[in-house]
Each structure stands twice: as C-alpha cells, then as structure tokens.
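This report refers to the structure that appears directly beneath it.
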Amino acid sequence: MVYYGVQQSFLYAGLPPLIKDKTGKYFVFAVANIVNTIRAIAFGKLSDRLCRRLPVCIWSLLLPTALYALLLTIWKPPLDQQNIYIFLALATGVGMSNAILSIELGAILGTFFGQMRPSDAFANFKIFHAGSSALGFLLLNYFSFRVSLLTLISMMIVSLTTLIICHYGFSSIDTGAKAPMTAEEAESPLQTELATNTTKEIL
791 MVYYGVQQSF LYAGLPPLIK DKTGKYFVFA VANIVNTIRA IAFGKLSDRL CRRLPVCIWS
851 LLLPTALYAL LLTIWKPPLD QQNIYIFLAL ATGVGMSNAI LSIELGAILG TFFGQMRPSD
911 AFANFKIFHA GSSALGFLLL NYFSFRVSLL TLISMMIVSL TTLIICHYGF SSIDTGAKAP
971 MTAEEAESPL QTELATNTTK EIL
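Position 156 (the sequence shown) corresponds to 946 in this note's numbering; numbering is contiguous.
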C-alpha cells in the first residue's frame with residue numbers, strides 16, 4: 791500500500807516536469823489514462839477469471855521498475871522532447887501499474903477482510919494511501935530525481951518480497967487460505983485441547 795501511494799505521487803508529480811510543452815503534456819496523459827482505464831478493466835476481469843492475483847501483482851510491480859531503470863541509464867533527463875513515444879511509454883507504463891495495483895489491493899483486502907470488518911480495512915487502506923502519497927511528494931520535492939527513482943526501486947523490492955512471503959508463508963492473496971501448518975504447529979493446538987479436556991475430567 792505504501793509503494794502504491796508513493797508511485798502514484800511519482801506519476802503525477804515526477805513525470806509531468808519531464809515534458810516541457812504543455813500541449814504535449816496534456817496529450818500524453820490523456821492518451822495514457824484512456825489506455826490505462828481499458829487495461830485496468832481487462833486485468834481486473836483476467837484476475838477474477840484466473841483467480842491468480844500474485845502473477846498480476848508481480849507484473850505490475852516489475853513493469854514500472856524497468857522504466858525507472860531506463861530513466862537511470864538510457865533515458866537520462868533532460869529527455870528528447872521530440873520523441874513523444876518515450877513520454878507515452880513512461881506515463882502509460884507507470885499509470886497502468888498504478889491502476890492495476892489499485893484494483894488488486896482492493897481485491898486482496900476484500901479476500902482477507904470481506905467477512906470481518908471490511909470498513910476498517912478499507913479505512914486503513916485510505917490512511918496508508920494518503921500518507922504514502924504525501925511521502926512521495928515530499929521525496930520528489932526535497933531529493934533529486936535520481937534518488938527518488940532509486941527509492942522507488944528499493945520500495946518495489948521490499949513490497950515484492952513482502953507480498954511473496956505473505957502469499958506462500960501466511961495466507962494466499964488469491965483465496966485467503968492460510969499456509970499449511972508444520973508438524974510442530976499442528977501438534978500444539980492438539981496438546982492444548984488434550985490438556986483442557988484432561989483438566990475438565992479431573993474437575
């Protein structure tokens with residue numbers, strides 16, 4: 791959730807200054823948002839049909855990271871203002887990732903908390919989203935563009951690692967099912983229940 795908010799700040803505060811011409815800036819973001827709307831709907835339907843959210847989340851995290859790497863290496867600012875395809879690729883790629891993450895985060899929260907305090911879950915989501923967006927704007931304001939990109943890449947790595955660990959180690963983000971218990975974990979509840987029953991029999 792934190793990465794999602796910071797990335798959204800980069801989309802609307804980090805990318806626009808790279809485009810000097812206002813007309814080109816409006817055109818790029820208009821096209822990007824139309825494309826991202828269509829792709830968000832398509833990926834949302836695909837995720838529901840396949841019931842496999844992890845691959846979609848991984849793809850949506852890796853796509854903008856590849857673009858950040860290009861901005862650090864090949865597409866170093868100032869960018870060629872005549873090559874509008876670079877700006878379209880950046881706005882469309884980062885925007886699409888943000889749109890997909892928004893859908894997938896909502897679906898994951900619904901999976902985990904749909905039957906238990908969903909209003910609290912989504913209220914906390916909004917708090918994290920707003921706070922991390924503010925953090926993203928501060929990052930872009932007080933640090934260089936390069937440092938901001940490196941921070942985004944670092945946050946993506948942490949987010950991706952956390953997502954995979956949670957999915958395989960704790961609860962599936964597809965179904966909400968908990969990971970299988972180890973032999974020691976399985977024996978512990980049985981021992982507790984046995985001790986409780988024994989105490990009741992004695993009493």
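For glycine and all other residues, C-beta sits at the position ideal for the given N, C-alpha and C.
Asked                                                                               : Found
For L980, three-class secondary structure by DSSP                                   : Its pLDDT being 49, under 50, L980 is placed unreliably by the model, and the measurement read from it follows with that caveat. Correct three-state label for L980: helix.
Where V884 falls, given that 16 or more other Cβ within 10 Å makes a residue buried : buried
Inter-residue CB distance, E894 and C847 (contact presumed, cutoff 8 Å)             : 5 Å
CB contact flag (N888, L808, <7 Å)                                                  : no
Rounded straight-line distance, which links the Cα of I917 to that of F927          : 16 Å
Exposure of S909, with buried meaning 16 or more beta-carbon neighbours within 10 Å : exposed
Three-way DSSP call (helix, strand, coil) for S892 in this model                    : helix
Through-space distance from I898 to I963, alpha-carbon basis                        : 6 Å
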